[in-house]
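Here is the structure we will look at, set down as structure tokens.
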Ligand code: HEM
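In the working numbering, the protein residues as written are 62 to 648.
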């Protein structure tokens with residue numbers, strides 16, 4: 062009987078793992094996740110245990126790296142101990158990445174500084190999400206670490222399986238970027254630095270346009286071939302957006318093969334990076350203000366006939382230093398957001414784990430994405446800020462079940478903040494209603510609802526007083542240290558007072574300042590006699606200011622930075638009154 066030829070096996074993808082011998086324990090945490098793919102024959106994993114003893118390592122490694130589709134590098138300072146890794150293995154990986162589109166994933170295992178990354182040739186290359194050089198695996202809690210390892214392994218497997226790996230070599234990317242920049246230079250005054258990032262569809266370079274820092278995004282391959290006109294329509298509308306929350310779109314080139322978007326550049330961290338760095342949630346009062354502002358911006362977006370789409374902590378930037386106050390910033394056009402809400406395919410499956418994590422209920426059920434879906438997206442971001450992490454992170458399909466439970470009863474997923482924040486809670490969970498018709502009718506209503514519950518400065522300052530000042534002698538001692546450093550002449554004035562008396566007087570001073578707004582201002586007021594006493598002591602306006610500054614600085618030292626502005630606004634009228642009233646008395 063003639064035998065039919067064996068069916069051709071699907072091409073096997075090869076993953077090369079580079080790690081230091083001292084980090085073998087780390088390697089072993091990753092391997093089990095690759096086992097099923099390895100067993101099925103879809104993946105061949107290579108790491109140095111497979112080198113037969115006595116063999117010549119160099120040529121073997123060159124061949125293995127040459128055959129690999131992807132490389133996973135476990136990064137710790139231990140890599141520096143191996144000349145072989147430094148001089149042969151990593152350079153070979155980089156070379157293959159440059160010339161043959163080898164996909165590189167690197168994972169910070171322990172803390173590594175910029176210099177180490179430079180030495181390893183990894184500086185400027187993003188670590189595999191969700192890892193960050195500032196938060197290596199070794200610094201994570203057990204569960205968080207496990208989730209990060211799972212997320213990386215899943216991403217590697219998904220990329221290898223989908224064939225996304227190696228779509229675009231570095232040379233090809235340089236080519237596309239070079240061509241796009243040449244096109245731009247004919248039209249706008251532009252200086253481009255090196256590329257800073259590349260995603261699935263785009264290459265981003267930093268540059269200056271008319272003296273302004275800009276990000277130049279070139280779409281390597283339009284993901285919207287069939288929806289190109291819809292995309293162009295959106296970009297044109299976004300050009301006229303003026304809200305400060307949006308990184309302004311300055312210029313675009315749409316007609317050509319590689320579309321180009323030039324927009325303002327920010328070096329602010331994304332919310333995800335900020336949360337990972339600080340390791341703690343945002344205070345509810347900050348969330349209230351930031352979300353209130355964001356709701357207004359997205360409302361503006363809607364007014365331009367646009368819907369935002371995927372709002373995720375990795376595509377929202379937290380600009381802590383914005384003036385006059387911190388703000389959340391968004392790209393005016395984000396490719397992933399556009400893809401997440403395509404009109405034609407409402408039931409489309411999420412593109413990746415990140416998109417699944419931020420999926421809104423109507424998308425889960427295959428219904429269209431609407432303006433009300435954006436409201437849900439903002440609610441999710443708010444909850445993530447309050448919790449310090451997304452309520453449900455999807456890394457496996459099984460997590461979608463958890464997502465569904467979240468849609469049904471999001472309050473179950475909220476932590477301790479909701480105890481003291483009943484009004485904020487009611488706003489956020491109304492935004493997170495599964496049924497869109499139960500949400501706020503429009504984002505202006507969200508803005509309005511949040512404006513009403515923003516805690517008054519005095520309430521915030523008083524809460525902060527009970528936290529760190531009331532009865533805390535170390536606070537009073539630290540205040541006097543600050544105050545005397547600014548105003549040395551005060552040392553002698555307090556010289557003959559016992560410590561407890563000094564503290565009691567400061568406490569009385571804080572009470573007057575915190576309750577100034579409630580004081581009956583018909584002269585003589587409760588503060589008139591204090592003002593007269595200070596006039597007799599010849600206290601000057603500058604010394605009153607020193608007092609106020611010393612107080613604010615001490616609050617910062619005691620971890621109350623978030624309440625300092627509220628304190629400042631609360632005590633300003635009382636300090637001003639004392640300055641004026643005692644100056645009058647001196648005359
Ligand atoms: C806005 C700022 C200030 C407030 C609200 C304030 C308030 C007070 C209060 C309530 C007392 C206690 C009075 C009492 O025992 O009945 C006091 C005492 C005192 N303050 Fe101030 N003070 C301020 C700034 C200053 C500054 C800038 C100085 C010195 C440069 C100063 C020097 C003193 C001294 C030496 C005493 C103790 C002597 C006394 O009780 O007559 N104060 N202050």
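All residues carry an ideal CB built from backbone N, CA and C; glycine is no exception.
Discussion item. Run through the DSSP bridge pairs and tell me what residue 195 is partnered with.
Written reply: Beta-bridge pairing links residue 195 to no other residue.
Classify residue 196 as buried or exposed, calling it buried when 16 or more other Cβ atoms lie within 10 Å of its own Cβ. buried
Practice prompt. Measuring alpha carbon to alpha carbon, tell me which of 384, 377 and 386 ends up nearest residue 398.
Written response: 377
Beta strand (DSSP E) runs wholly inside the region 113–163, at least 3 long, in chain order:
131–136
- Near residue 178, what residues of its chain come up, given a Cβ to Cβ distance below 6 Å and the 5 sequence neighbours on each side ignored? 184
| message | So if DSSP puts residue 270 in a beta bridge, which residue, or which two residues, is it bridged to? | response | 251 and 273
By C-beta, the residues closer than 7 Å to any heavy atom of the ligand HEM, given in chain order:
548, 550, 551, 554, 555, 558, 566, 569, 570, 573, 574, 591, 594, 595, 598, 600, 604, 605, 607, 608, 609, 635, 636 and 639
_So, for residue 465: in the same chain, excluding its five sequence neighbours on each side, which residues have a beta-carbon less than 8 Å away from its beta-carbon?_
425
Discussion item. What does the Cβ neighbour count give for residue 520, buried or exposed, with the cut at 16 atoms within 10 Å?
Written reply: exposed
Checking 7 Å against the spacing of the C-beta atoms, do residue 435 and residue 359 come in under that value? yes
* Asked: Do the region 613–630 and the region 524–539 make contact, defined as three or more Cβ pairs closer than 8 Å?
  -> yes
Practice prompt. Please report the residue range of the beta strand (DSSP E) in which residue 311 lies.
Written response: 310–314
Hey, residue 84 and residue 137 are a contact pair by Cβ (cut 8 Å); roughly how many whole angstroms apart?
6 Å
When you compare the CB of residue 568 with every CB in chain B, is at least one pair closer than 7 Å? This model lacks chain B altogether, as it is built from one protein chain only.
Q: Can you tell me which of the three DSSP states residue 629 falls into?
A: helix
* To do: Just the C-alpha distance for residue 187 and residue 591, rounded to the nearest angstrom, thanks.
  => 60 Å
Return the chain-ordered list of same chain residues with a C-beta closer than 7 Å to the C-beta of residue 348, the five sequence neighbours on each side being excluded. 443, 446 and 447
Per DSSP, what kind of secondary structure is residue 227 in: helix, strand or coil?
Low confidence applies here, because residue 227 scores a pLDDT of 47, under 50, leaving its location unreliable and the question unanswered by this model.
Taking the straight line between their C-alpha atoms, what separation do you get for residue 536 and residue 512? 33 Å
Practice item. Determine the closest residue to residue 328 out of 574, 392 and 290, with distance taken between C-alpha atoms. Key: 392
Quiz item: When burial is assigned at 16 or more other CB atoms within 10 Å of the CB, is residue 148 buried or exposed?
Solution: exposed
With H, G and I counted as helix, E and B as strand and the rest as coil, what does DSSP make of residue 636?
helix
Beta carbon of residue 455, beta carbon of residue 437: below 7 Å?
no
* Taking 7 Å as the cut-off, decide whether the C-beta atoms of residue 78 and residue 133 are in contact. => yes
Touch check for the region 121–130 and the region 232–248: three-plus C-beta pairs under 8 Å?
no
Cβ of residue 490 within 7 Å of Cβ of residue 471?
yes
Practice prompt. Measure the alpha-carbon distance for residue 208 versus residue 157 and round it to whole angstroms.
Written response: 30 Å
Residue 578 versus 635, 75, 428 and 584, residue with shortest Cα-Cα distance: 635
So, helix, strand or coil for residue 379, using DSSP? strand
Taking all protein chains shown into account, decide if residue 343 is buried (16 or more other Cβ within 10 angstroms of its Cβ) or exposed.
buried
Query - Continuous beta strand (DSSP E) stretch holding residue 74: start and end - result: 74–79
- Query: Does the beta-carbon of residue 496 have 16 or more other beta-carbons within 10 angstroms, so that it is buried, or is it exposed?
  - Reply: exposed
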